[in-house]
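Convert by adding 1 to the 1-based position in the sequence shown; the result is the number in our numbering.
We put the CB at the ideal spot given by N, CA and C, even for glycine.
Read the structure below first, then the notes.
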Amino acid sequence: MAGAAASAYPWRRVLAVFAGVSVLLTAVVAWSDRYRPDSGWAPVLQGPDWLDGWFQYDAGWYFHIASNGYFYRPGEQSSIAFFPAYPLGVRGLGQLVGDYQVAGSLLAVLCGGLAVVLFGSWVWQRLPRAAAVTAIAVLMLYPYAFFLYGAMYADSLFLLCAVGSFLLLERRWFWAAGLVGALATAGRPVGVAVAVGLVVRTLEMLAEDRRDRAAAAAAAPGATVPVVDRPGWRDLLGALRLVRVRHLGVLLSSAGLVAWMAYLWVEFDEPLAFVEVEGAPGWNQGVGPRTWFKVVYLGTLVKGPYAVAALLTLQALACLCAVLLVRRVWRRFGWGYAAYAVVVLAIPIIGTKDFMGTGRYVLVAFPVLAAAGDYLASSGRRWVRPLALGTCGVLLLVLTYLFGRSVAVS
Numbered sequence: 002m003a004g005a006a007a008s009a010y011p012w013r014r015v016l017a018v019f020a021g022v023s024v025l026l027t028a029v030v031a032w033s034d035r036y037r038p039d040s041g042w043a044p045v046l047q048g049p050d051w052l053d054g055w056f057q058y059d060a061g062w063y064f065h066i067a068s069n070g071y072f073y074r075p076g077e078q079s080s081i082a083f084f085p086a087y088p089l090g091v092r093g094l095g096q097l098v099g100d101y102q103v104a105g106s107l108l109a110v111l112c113g114g115l116a117v118v119l120f121g122s123w124v125w126q127r128l129p130r131a132a133a134v135t136a137i138a139v140l141m142l143y144p145y146a147f148f149l150y151g152a153m154y155a156d157s158l159f160l161l162c163a164v165g166s167f168l169l170l171e172r173r174w175f176w177a178a179g180l181v182g183a184l185a186t187a188g189r190p191v192g193v194a195v196a197v198g199l200v201v202r203t204l205e206m207l208a209e210d211r212r213d214r215a216a217a218a219a220a221a222p223g224a225t226v227p228v229v230d231r232p233g234w235r236d237l238l239g240a241l242r243l244v245r246v247r248h249l250g251v252l253l254s255s256a257g258l259v260a261w262m263a264y265l266w267v268e269f270d271e272p273l274a275f276v277e278v279e280g281a282p283g284w285n286q287g288v289g290p291r292t293w294f295k296v297v298y299l300g301t302l303v304k305g306p307y308a309v310a311a312l313l314t315l316q317a318l319a320c321l322c323a324v325l326l327v328r329r330v331w332r333r334f335g336w337g338y339a340a341y342a343v344v345v346l347a348i349p350i351i352g353t354k355d356f357m358g359t360g361r362y363v364l365v366a367f368p369v370l371a372a373a374g375d376y377l378a379s380s381g382r383r384w385v386r387p388l389a390l391g392t393c394g395v396l397l398l399v400l401t402y403l404f405g406r407s408v409a410v411s
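So this is what it looks like as structure tokens:
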């Protein structure tokens with residue numbers, strides 16, 4: 002067990018810091034909201050004015066779904082592009098608090114706080130203390146982390162379900178992990194990454210168990226069992242023979258996506274409508290070479306507007322850093338977490354025409370953020386960690402301010 006586990010995990014302190022950052026960023030969006038153009042939502046929003054800055058872009062879709070349900074018009078922007086877990090949560094909470102706007106931000110910040118606490122518990126068990134603390138700081142200060150602090154978006158709920166499902170799996174509660182994973186696959190298009198990661202991690206755990214039993218049997222009585230290298234991919238394939246009924250619980254994680262597709266099939270006769278609608282005018286996220294090779298992004302770099310190009314490039318750099326950290330994820334945390342990271346990054350990187358929105362997807366690649374914390378804490382250059390965290394903190398404030406002014410930052 003890593004050195005951090007020798008001391009108790011200070012979850013109360015982590016939660017207190019999260020609350021402080023949440024208050025600060027809410028003040029930033031409340032201030033910047035005064036300078037944003039009229040969004041047309043003013044007659045609808047009945048929550049406190051200081052909350053309006055968190056209500057931007059996709060929040061309008063979630064508000065509409067919570068209020069009126071789903072609709073689908075082929076070839077047009079439609080609400081079925083947004084997976085149901087978060088808006089249904091907003092609807093349920095809205096019935097209790099009496100306002101969907103308040104419910105949306107409240108659900109987001111509550112899930113964000115719980116996600117950070119669970120992420121902290123996860124890294125505390127796996128990294129030395131300095132690296133674990135740094136990883137928690139990376140998550141809280143990541144430039145696009147403002148989506149955890151009250152923005153009416155689904156990212157915080159998805160992150161909570163992703164981290165929670167893996168924590169349950171590590172306790173070998175396979176069916177519980179699959180159930181929470183199902184909430185993730187019902188929450189975002191990248192939820193399939195959770196299902197893939199859970200399956201691979203389950204096989205990895207079985208391979209580790211077999212390796213440890215073999216090493217213990219080979220050791221002399223009373224001798225220390227030697228540390229064996231991480232299982233290889235052949236060991237994972239061999240672990241398929243060890244799968245029992247209880248392990249199949251992780252397959253339940255796919256139920257969220259299956260249920261969503263079944264609903265679309267029954268209601269609109271199109272189980273993959275959420276894929277088709279991404280190419281609608283205004284979104285233009287169709288599948289094909291123009292999307293894969295980022296023709297639109299390259300055109301923006303050349304012709305402008307250059308402010309937009311800068312915001313897109315920042316997200317592209319976040320993706321690049323995340324991809325470069327995947328190997329460290331594998332070395333530190335194993336095949337299952339690497340598989341999750343690869344899939345959760347690959348889907349948006351391949352599927353977006355200009356990197357818009359990918360900053361949020363890197364946010365939910367939690368093993369990558371943990372690997373970043375580990376790298377910063379172990380760097381031989383002492384100035385690297387404070388410089389990186391300080392830069393992230395400044396960018397977080399700037400992007401939160403721009404978000405509050407209705408600038409499309411991710």
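Beta-carbon separation of residue i and residue j under 8 Å?
i    : j    : result
A132 : D375 : yes
Q126 : G283 : no
L377 : R383 : no
G257 : A116 : no
V330 : V197 : no
A60  : G93  : no
S338 : R130 : Reading off the sequence shown, one finds Tyr at residue 338, where the question assumed Ser. Not in contact: Y338 and R130 (Cβ atoms no closer than 8 Å).
L119 : L161 : yes
A319 : G352 : no
K295 : D355 : yes
S122 : W12  : yes
F334 : A163 : no
F147 : H248 : no
R291 : L243 : no
G48  : V103 : yes
G179 : A155 : no
Can you give the Cα-Cα distance for residue i and residue j, rounded to whole angstroms?
i    : j    : result
G95  : A67  : 8 Å
L149 : R332 : 28 Å
Y143 : E209 : 33 Å
L89  : V297 : 34 Å
V24  : F56  : 16 Å
A240 : V309 : 48 Å
T27  : W234 : 46 Å
P232 : D213 : 10 Å
D34  : V251 : 43 Å
A138 : L16  : 12 Å
G192 : F19  : 25 Å
S166 : V195 : 8 Å
V267 : V276 : 16 Å
T392 : A177 : 38 Å
L158 : L108 : 8 Å
V29  : M141 : 16 Å
L326 : S254 : 26 Å
T314 : Q286 : 18 Å
A389 : L128 : 19 Å
V410 : A274 : 26 Å
V369 : L400 : 21 Å
I348 : R37  : 32 Å
A373 : Y362 : 15 Å
A9   : G114 : 19 Å
V110 : A215 : 46 Å
Once DSSP output is grouped into helix, strand and coil, what is the label at residue i?
i    : result
E277 : helix
D39  : coil
R14  : helix
R291 : helix
L46  : coil
G70  : coil
V408 : coil
P190 : helix
G61  : helix
R172 : coil
A217 : helix
S33  : helix
F56  : coil
A20  : helix
S8   : coil
Y143 : coil
Y154 : coil
W284 : coil
G391 : helix
I want to check one thing, is the minimum distance from the CB of residue i to the heavy atoms of the ligand COA below 7 Å?
i    : result
A372 : No copy of the ligand COA appears in this structure; indeed no ligand is present at all.
Segments of 4+ residues assigned as alpha helix (DSSP H) that fall wholly inside the region 308 to 388: Taken in chain order, the complete alpha helix (DSSP H) segments of 4 or more residues contained in the region 308 to 388 are 336 to 352, 359 to 364 and 367 to 379.
Can you check the region 229 to 282 for any beta strand (DSSP E) of at least 3 residues that lies completely inside it and give the ranges in chain order? Here no run is fully enclosed.
Fully enclosed by the region 75 to 140, which alpha helix (DSSP H) runs are 4 residues long or longer? Here the runs fully enclosed are 86 to 98 and 101 to 125.
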